[in-house]
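**Student:**
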Amino acid sequence: MPGADPREALADVLGALGATLRHHRDLGVAALPLSGDYLLGPEEALAAQERALQGCRKCKLCDGRTTIVFGSGNPRAEFVVIGEGPGADEDAQGLPFVGRAGQLLTRMLEARKVELRRDEVYISNTVKCRPPANRNPEPDELAACAPVLAAQLAALQPKVILALGSVATQALLHTREPIGKLRGRVHPYGSAVLIPTFHPAFLLRNPGEEYKRMAWEDLQLARREYDKRRTR
Ligand code: URA
Numbered sequence: 644m645p646g647a648d649p650r651e652a653l654a655d656v657l658g659a660l661g662a663t664l665r666h667h668r669d670l671g672v673a674a675l676p677l678s679g680d681y682l683l684g685p686e687e688a689l690a691a692q693e694r695a696l697q698g699c700r701k702c703k704l705c706d707g708r709t710t711i712v713f714g715s716g717n718p719r720a721e722f723v724v725i726g727e728g729p730g731a732d733e734d735a736q737g738l739p740f741v742g743r744a745g746q747l748l749t750r751m752l753e754a755r756k757v758e759l760r761r762d763e764v765y766i767s768n769t770v771k772c773r774p775p776a777n778r779n780p781e782p783d784e785l786a787a788c789a790p791v792l793a794a795q796l797a798a799l800q801p802k803v804i805l806a807l808g809s810v811a812t813q814a815l816l817h818t819r820e821p822i823g824k825l826r827g828r829v830h831p832y833g834s835a836v837l838i839p840t841f842h843p844a845f846l847l848r849n850p851g852e853e854y855k856r857m858a859w860e861d862l863q864l865a866r867r868e869y870d871k872r873r874t875r
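With our numbering, you'll find the sequence shown wraps up at 875, consecutive numbering, no jumps.
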C-alpha cells in the first residue's frame, strides 16, 4: 500500500518467504539449488556483466567503437575510479586509462600521501564505448550506459568513488554544477562517498600548478576517506 511503513512491508515479505520455505520443507524439499547474478561474488558478477555487454547496440557509440571498454583492476577493490569514456588507446586495447591521461592517472594514484597502486583499485568509465573524436558523451549515451555502471558499482560495493572530471561527476551525482564547485569535498553516494576531481586529460591541457595542487588535495582526501571506510 502506498505510504505504508517499508519495515512492515519487509516483515510481510520475510514472513511469507518463511511460510513458503516451511511448506517446501514439509513436502520433503531438502536443498534449494539457487542461482542468479545476485549470488555471485564480484569477480563472477563483473565477468558475467562484461560477457552480457558484448555486441551492445543500445546507443549510437556502438557504430564507431572497436572494443567495449568495460573496466579493469581489482574486483574486490573498495576504491573505484570512474572516468568519462574510452579514448583511442583504450578503444584499441579494450582497457580503461591506458593512454596519456591514463599514465597521468597512474602517477596521481601513486603520488605521495595517496599511494594507491592501479592493481588495488578498480577503474571504469561512465560510457564503455569511445565517443567519436573524443567528444563528450551525449545525454542519450550516458543514459543508455547508466544501468551498466550501476550494475558494476552494485557488484563492486565500493567505499570510495573517485570521479574524474565533470562528465563522470555530474552523471553520478545527477547535477549540473561545475566540477570547480563540486570538487574539494565529500559527497554521500549510497553506502559510499564520492570525491570529484579534475580529469587527468584536463590537467594535461592545463598544466598550471594550481590545478595540480587541487587535484592532489582531492586525491589525499579520497585516500583519507578510504582509510576511514575500508573493510579490507
Ligand atoms: N579518458 C577517460 O575518461 N577514460 C579513459 O578510459 C581514458 C581517457
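Cβ coordinates follow ideal geometry from the N, Cα and C atoms, glycine included. Bear in mind the structure is a predicted one, so any value in this text is a computation, not a measurement.
What is the DSSP secondary structure of residue 730, counted as helix, strand or coil?
**Tutor:** coil
**Student:** May I ask you to report which of helix, strand or coil DSSP gives residue 876?
**Tutor:** In the structure as shown, the chain begins at 644 and stops at 875. Residue 876 is therefore absent and cannot be evaluated.
**Student:** Looking at residue 727: is its Cβ nearer than 8 Å to the Cβ of residue 768?
**Tutor:** yes
**Student:** When DSSP labels each residue in this structure, what does residue 835 get in the three-state scheme?
**Tutor:** Three-state result, residue 835: strand.
**Student:** If you follow the alpha helix (DSSP H) that residue 696 is in, where does it begin and where does it stop?
**Tutor:** 685-696
**Student:** What are the start and end residues of each continuous beta strand (DSSP E) run of 3 or more residues lying completely inside the stretch 756-825, in chain order?
**Tutor:** Assignment of beta strand (DSSP E) within the stretch 756-825, counting only whole runs of 3 or more residues, yields 765-768, 803-807 in chain order.
**Student:** Identify every residue that forms a DSSP beta bridge with residue 830.
**Tutor:** Answer is 837, bridged to residue 830.
**Student:** Excluding the five sequence neighbours on either side, which residues of its own chain have a C-beta within less than 7 Å of the C-beta of residue 810, listed in chain order?
**Tutor:** So the list reads 727, 769, 779, 780, once near-sequence residues are dropped.
**Student:** How should residue 668 be labelled, buried or exposed, when 16 other C-beta atoms within 10 angstroms of its C-beta is the threshold for buried?
**Tutor:** exposed
**Student:** Would you please state the rounded distance, in angstroms, between the beta carbons of residue 826 and residue 845? I believe it to be under 8 Å.
**Tutor:** Contact doesn't hold; Cβ gap of about 11 Å is too wide.
**Student:** Output the boundary residues of the alpha helix (DSSP H) element that contains residue 659.
**Tutor:** 649-669
**Student:** How far does the alpha helix (DSSP H) with residue 861 in it extend, from its first residue to its last?
**Tutor:** 852-872
**Student:** Less than 8 Å between the C-beta atoms of residue 800 and residue 689, yes or no?
**Tutor:** no
**Student:** Rounded to whole angstroms, what is the Cα-Cα separation between residue 804 and residue 750?
**Tutor:** 18 Å
**Student:** Just verifying my parser: in three-state terms, what is the DSSP assignment at residue 845?
**Tutor:** Note: residue 845 maps to helix in three-state DSSP.
**Student:** DSSP state of residue 716, grouped into three classes?
**Tutor:** strand
**Student:** Taking DSSP's pairing of strands, which residues face residue 880 in a bridge?
**Tutor:** With the chain represented from 644 up to 875, any question about residue 880 goes unanswered, as that position is not in the structure.
**Student:** So residue 761 packs on residue 875, CB below 8 Å; how close in whole Å?
**Tutor:** About 17 Å separates the two Cβ atoms, so there is no contact after all.
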